[in-house]
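Working notes, beginning with the structure itself.
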Amino acid sequence: KYPNSKVTYHTVFNVQSKQYFEWQSRYNKFWHDQVGQPGPITRLLSMGGAWPTDPNPHPVGDHLMQEVPTHIAPQYDYSIDRYVAYNKPLSITHWLQTKKVEEDVIIVTDPDCAYINKVDYAVEEGFPVATQGYYQFKKEDSVEMQIAKHYCKGVCKHFDPIAVPVIVHRNDLEKIAPLWLKYTEMIRKDREGPTKWPIQWNDNRYTVNRIEWVAEMFGYVLAAAHLDIRHEIVDLQMVPSVHKKLRPGVPFLHFHVRIETSTHKFWNKGDDHAGQKFPWPVPAGTDEVTKKMLTCLHDAYEALGETERMKKGEWANYFGEWDNHEALAGRKLLWSGGEGLSDRGLCDSETYNITADALSLQ
Numbered sequence: 048k049y050p051n052s053k054v055t056y057h058t059v060f061n062v063q064s065k066q067y068f069e070w071q072s073r074y075n076k077f078w079h080d081q082v083g084q085p086g087p088i089t090r091l092l093s094m095g096g097a098w099p100t101d102p103n104p105h106p107v108g109d110h111l112m113q114e115v116p117t118h119i120a121p122q123y124d125y126s127i128d129r130y131v132a133y134n135k136p137l138s139i140t141h142w143l144q145t146k147k148v149e150e151d152v153i154i155v156t157d158p159d160c161a162y163i164n165k166v167d168y169a170v171e172e173g174f175p176v177a178t179q180g181y182y183q184f185k186k187e188d189s190v191e192m193q194i195a196k197h198y199c200k201g202v203c204k205h206f207d208p209i210a211v212p213v214i215v216h217r218n219d220l221e222k223i224a225p226l227w228l229k230y231t232e233m234i235r236k237d238r239e240g241p242t243k244w245p246i247q248w249n250d251n252r253y254t255v256n257r258i259e260w261v262a263e264m265f266g267y268v269l270a271a272a273h274l275d276i277r278h279e280i281v282d283l284q285m286v287p288s289v290h291k292k293l294r295p296g297v298p299f300l301h302f303h304v305r306i307e308t309s310t311h312k313f314w315n316k317g318d319d320h321a322g323q324k325f326p327w328p329v330p331a332g333t334d335e336v337t338k339k340m341l342t343c344l345h346d347a348y349e350a351l352g353e354t355e356r357m358k359k360g361e362w363a364n365y366f367g368e369w370d371n372h373e374a375l376a377g378r379k380l381l382w383s384g385g386e387g388l389s390d391r392g393l394c395d396s397e398t399y400n401i402t403a404d405a406l407s408l409q
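In structure tokens, the structure reads:
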């Protein structure tokens, strides 16, 4: 870790237009600004379209467009597969290929990552840094190693056990992102049919990483390995109620699990109105990391309040997506045929010389 004033940063996270993501998107922008993180933050909004059959993203977006800086990307075609995590590599690829991104270093987070300190890693091209994932590639017979070697046969020489946040040079991410989507598609294709995953790959009795859900995470690992890009694993996050003591300088709280106070009050991001209903004030005796997380929620809610859409009860339910059909009337689509995408490598395996042998599923 070494500060460098010449490095420029851009933070991104991917969401859909849901009540579940509404408060996370708004709070992410607040937390980013609160700690004084250098560079812009962009919400990559997957809305409209059905990639690859319809490359047209929604032309106007949703009600947060003026509040949270946003890039609109097409959603993945759910008629092919309902796996929403495709949208993460797809939206990053679309953003990089259709916008002139000028910042050197991209900080890829998830919407459930709260800034509590600035990121000041001077990442150079070819040398990204990332969080240690909750898995390893040390044992040859481990489920993780079986998956990695199965899908990157004959190409990958190493696998980094990483997870978000990832801090990566823009030039590296431009190469990784399309391949990340391609590998995710390959893995998910085997959810059924003659090449269906072995039972052990999708059973928590054998692994904490059920391939059904973490295909996108493995997709990134395999894409980076395919390109021979190694990550330095650094301490980028703390998990409330898992970690108890705050560690100086760690930039993120990753609130992906249920948290508990000293008086056994619980909070989970998946609870209805989680951005407005959380234990407060924080009971005495609550661990430092959980207290910090609840304080972050409280500060954001006090500063931002609720949106008009929340106040009027216009969300159908907590996880339902808002299509914003009314805004489509009379408006011209931004993309009529995906111009500027296909010739730049989006999901194009030939761009990366992915041979049939390299991707053999035999």
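Residue numbers (this note's numbering): 48 to 409.
Heads up, the beta-carbon is just placed ideally off N, CA and C, and yes, glycines get one too.
In this chain, Val148 is not harboured by any beta strand (DSSP E), its DSSP state being neither H nor E.
Tyr56 is bridged by DSSP to Val152. Trp98 and Gly86 have their C-alpha atoms some 30 Å from each other. The beta-carbon distance between Glu259 and Thr231, rounded to whole angstroms, is 12 Å. This is too long to meet the 8 Å contact definition. Within the same chain, Cβ atoms closer than 6 Å to the Cβ of Thr310 are found at Pro330, the five residues on either side in sequence being excluded. Restricted to the region 246-323, the alpha helix (DSSP H) segments that are unbroken, complete and at least 4 residues in length are 258-273, listed in chain order.
Spatial neighbours of Asp157 in its own chain (CB-CB distance under 7 Å, excluding positions within 5 residues in sequence) are listed in chain order as Phe60, Val211.
DSSP lists Thr58 as the beta-bridge partner residues of Ile88. Counted as a single uninterrupted DSSP element, the beta strand (DSSP E) harbouring Tyr162 occupies residues 160-162. The residues Val59, Phe60, Asn61, His118, Ala120, Ser138, Ile139, Trp142, in chain order, have a CB closer than 7 Å to that of Leu91 in the same chain once the five nearest residues on each side in sequence are set aside. Arg305 counts as exposed, since fewer than 16 other C-beta atoms from the protein chains shown sit within 10 angstroms of its C-beta.
In this structure, Gly173 and Asp207 do not form a Cβ contact; the two beta carbons are roughly 13 Å apart against a cut-off of 8 Å. Between the alpha carbons of Phe366 and Arg217 lies a gap of roughly 32 Å. Under the Cβ criterion (8 Å, minimum of three pairs), the region 249-256 counts as touching the region 188-196. According to the DSSP assignment, Pro225 belongs to the alpha helix (DSSP H) that extends over 217-236. Under the three-state reduction of DSSP, Val190 is assigned to helix.
The region 271-280 and the region 233-245 do not touch, with fewer than three beta-carbon pairs separated by less than 8 Å. Taking the CA atoms as reference points, Asp109 sits about 13 Å from Glu361. By a beta-carbon distance limit of 8 Å, Val166 contacts Ile154. Their separation comes to about 6 Å. Counting only residues of its own chain and dropping the five nearest sequence neighbours on each side, Phe302 has a CB closer than 7 Å to the CB of Asp159, Ala161, Pro287, Lys316, Met340. DSSP places Thr117 within a strand segment (E or B) once states are collapsed to three. Residue environment: Glu149 is assigned as exposed (fewer than 16 neighbouring CB atoms within 10 Å of its CB, all protein chains considered). With respect to the C-alpha of Gln323, the residue from Thr337, Glu353, Gln183 having the closest C-alpha is Glu353.
Excluding its 5 nearest sequence neighbours in each direction, Glu368 has C-beta neighbours in its own chain below 7 Å: Gln63, Ser64, Lys65, listed in chain order. Ser93 counts as buried, since no fewer than 16 other beta carbons sit within 10 angstroms of its beta carbon. Beta-bridge partners assigned by DSSP to Ile214: Ile154, Val176. Gly266 sits close to Pro136, with the two beta carbons spaced by under 8 Å. Distance between Leu269 and Val297, taken at the CA atoms: about 27 Å. DSSP places Ile209 within a strand segment (E or B) once states are collapsed to three. In this structure, the alpha-carbon of Ile246 lies about 26 Å from that of Lys204. In the structure shown, Asp128 falls within a coil segment according to DSSP collapsed to helix, strand and coil.
Note that the C-beta distance between Val336 and Lys291 is below 8 Å. Distance from Ala347 to Phe77 at the Cβ level is roughly 5 Å; contact confirmed, criterion being Cβ atoms closer than 8 Å. The beta carbon of Ile223 is closer than 8 Å to those of Val215, Tyr267, Ala270, Ala271, Leu274, Ile276 in its chain, skipping five residues each way along the sequence.
In the DSSP annotation of this structure, Phe366 is not part of any alpha helix (DSSP H), being labelled neither H nor E.
Under the 10 Å beta carbon count, Met112 is surrounded by fewer than 16 other beta carbons and is classified as exposed.
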